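Q: This is the structure I want to talk about, given as structure tokens.
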Amino acid sequence: MNIKSKIALICIVATMLSACTTKPTIERKNYYTWENDYGYSQVVKAGNTLYISGIASNKPNFPGQITEIYTYINKILNDYGVDSDAIVRQVIYTTDIEGLQAQTSLRKSFFNENRYPSSSIVQIQRLYDKAHLLEIELVVVLPNE
96 MNIKSKIALI
106 CIVATMLSAC
116 TTKPTIERKN
126 YYTWENDYGY
136 SQVVKAGNTL
146 YISGIASNKP
156 NFPGQITEIY
166 TYINKILNDY
176 GVDSDAIVRQ
186 VIYTTDIEGL
196 QAQTSLRKSF
206 FNENRYPSSS
216 IVQIQRLYDK
226 AHLLEIELVV
236 VLPNE
């Protein structure tokens with residue numbers, strides 16, 4: 096094999112190796128032991144992205160549930176050193192869209208002004224527990240490490 100062929104082969108191999116990616120590191124975090132019992136993780140971290148499972152509350156009304164859910168969300172965000180600005184996607188499932196709409200200002204108060212994530216609000220027939228009025232799941236992007 097002449098020198099040009101060797102250089103060409105090295106270039107081809109280097110190009111192929113640069114296209115290979117390593118398996119991303121995936122970390123799972125549970126906050127309560129019953130999460131394992133139900134077969135899910137509250138938070139899955141893949142790279143610098145957090146996928147936060149739906150969070151609900153057993154408080155008796157929308158203001159109580161909204162406050163408890165976003166307080167819990169803030170605890171999770173604090174555990175990862177970020178605030179609500181890092182939330183890039185929010186999906187809210189509710190059994191009463193009008194009831195949730197009446198609480199828009201309360202819900203917005205948990206975010207920094209005009210720094211809201213992309214969001215979908217979906218009315219459904221029922222959540223896991225009949226007492227749940229809403230459930231919120233999130234995608235959060237962490238700063239590059």
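Under my numbering, the first residue of the sequence shown is numbered 96, with each subsequent residue one higher. A virtual CB, placed ideally from N, CA and C, is assigned to each residue, including glycine. The structure presented is a predicted model; accordingly, all values stated were derived computationally and were not measured.
Measure the C-alpha to C-alpha separation of residue 146 and residue 134 and round it to an integer number of angstroms.
A: 15 Å
Q: Could you give the residue range of the alpha helix (DSSP H) that holds residue 128?
A: Element bounds for residue 128: n/a, residue is neither H nor E.
Q: Go through its chain and collect everything with a Cβ distance to residue 165's Cβ below 7 Å, but skip five positions before and after it.
A: Only 205 meet the Cβ criterion.
Q: Taking C-alpha atoms, which residue in 197, 201, 236 lies nearest to residue 213?
A: 236
Q: Classify residue 230 as buried or exposed, calling it buried when 16 or more other Cβ atoms lie within 10 Å of its own Cβ.
A: buried
Q: Please name the residue or residues paired with residue 184 in a DSSP beta bridge.
A: 213, 234
Q: Is the region 207-221 in contact with the region 157-175, if contact means three or more CB pairs nearer than 8 Å?
A: no
Q: With DSSP run on the structure shown, which of helix, strand or coil describes residue 144?
A: strand
Q: Rounded to whole angstroms, what's the CA-CA distance from residue 123 to residue 141? Just pull it up for me.
A: Taking C-alpha positions only, residue 123 is separated from residue 141 by approximately 9 Å.
Q: Using the C-alpha atoms, what's the distance from residue 105 back to residue 223?
A: Rounded to the nearest angstrom, the two C-alpha atoms are 57 Å apart.
Q: What is the DSSP secondary structure of residue 120, reduced to helix, strand or coil?
A: coil
Q: Taking residue 163 as part of the alpha helix (DSSP H), name the residues at either end of that continuous run.
A: 157-174
Q: Comparing C-alpha positions only, which one of 217, 154, 192, 119 sits nearest to residue 232?
A: 217
Q: With 16 other CB atoms within 10 Å as the buried threshold, where does residue 202 fall?
A: buried
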